[in-house]
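Chemist: Position 55 (the sequence shown) corresponds to 100 in the numbering used here; numbering is contiguous.
Quick reminder that beta carbons are idealized off the backbone N, C-alpha and C, glycines included.
Structure provided below as C-alpha cells; questions to follow.
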Amino acid sequence: MKEKLYVLVILFFTSFNCYSADHVWINDPSSLKWQQYSDGKIYFRNLNEFPDGVYTNNFGGCCVKYWVDTTTDGGKALWSTILYHMASNKPFYISKSSAATDGHILNIGEW
C-alpha cells in the first residue's frame, strides 16, 4: 500500500510543468529595431544588442526570431504598450519562454 502511495505522490508532483522565461532589459527603447510584416506580426531585430539587466541577455540577433502577433487581442495590447514605452523612452523587460528558440513574446513589463 505504501508503494502505491509513493508512486501516486511522485506522479502528482511530476505532472506539473515549470514556467521559466528568458528576459531582456530594454534600457533604451528608442534603439529597439522592429519590422512589421503583412501577416500582422512585428519582428524584433536587435534584442541581442541590449545589455544584461537583472537577467543575462540570452537573445539571438537578427532577424525574425521573436515577434508580437498583432492579429490577436493580446498581441495588440503588447504592441501598444511597447509603443508607449518607445514614445516615452521608459525602459522595460521583454520576456519569452526561451530565447534559444523562435517564437512570440510572452509578456513585457517593468519589474
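Would the beta-carbon of residue 85 fall within 7 Å of that of residue 115?
Modeler: Yes.
Chemist: With a 10 Å radius around its C-beta and 16 neighbouring C-beta atoms as the bar for buried, classify residue 112 as buried or exposed.
Modeler: So residue 112 counts as buried.
Chemist: Would you mind giving the Cβ-Cβ distance between residue 69 and residue 139, rounded to the nearest angstrom? I have them listed as a contact below 8 Å.
Modeler: Their Cβ separation, rounded to whole angstroms, is 5 Å, which keeps residue 69 and residue 139 in contact under 8 Å.
Chemist: Here's the rule I'm using: 16 or more other beta-carbon atoms within 10 Å means buried, otherwise exposed. How should residue 128 be labelled?
Modeler: It is exposed - the Cβ of residue 128 has fewer than 16 other Cβ atoms within 10 Å.
Chemist: Round the Cβ separation of residue 130 and residue 74 to the nearest angstrom and send it over; I've been treating them as touching at under 8 Å.
Modeler: Confirmed, about 5 Å.
Chemist: Smallest Cα separation from residue 93: which of 120, 71 and 121?
Modeler: Closest option to residue 93, Cα to Cα, is 71.
Chemist: Which whole-angstrom value is the C-beta distance of residue 103 and residue 96, which I expect to be below 8 Å?
Modeler: Not really, about 13 Å apart at Cβ, beyond 8 Å.
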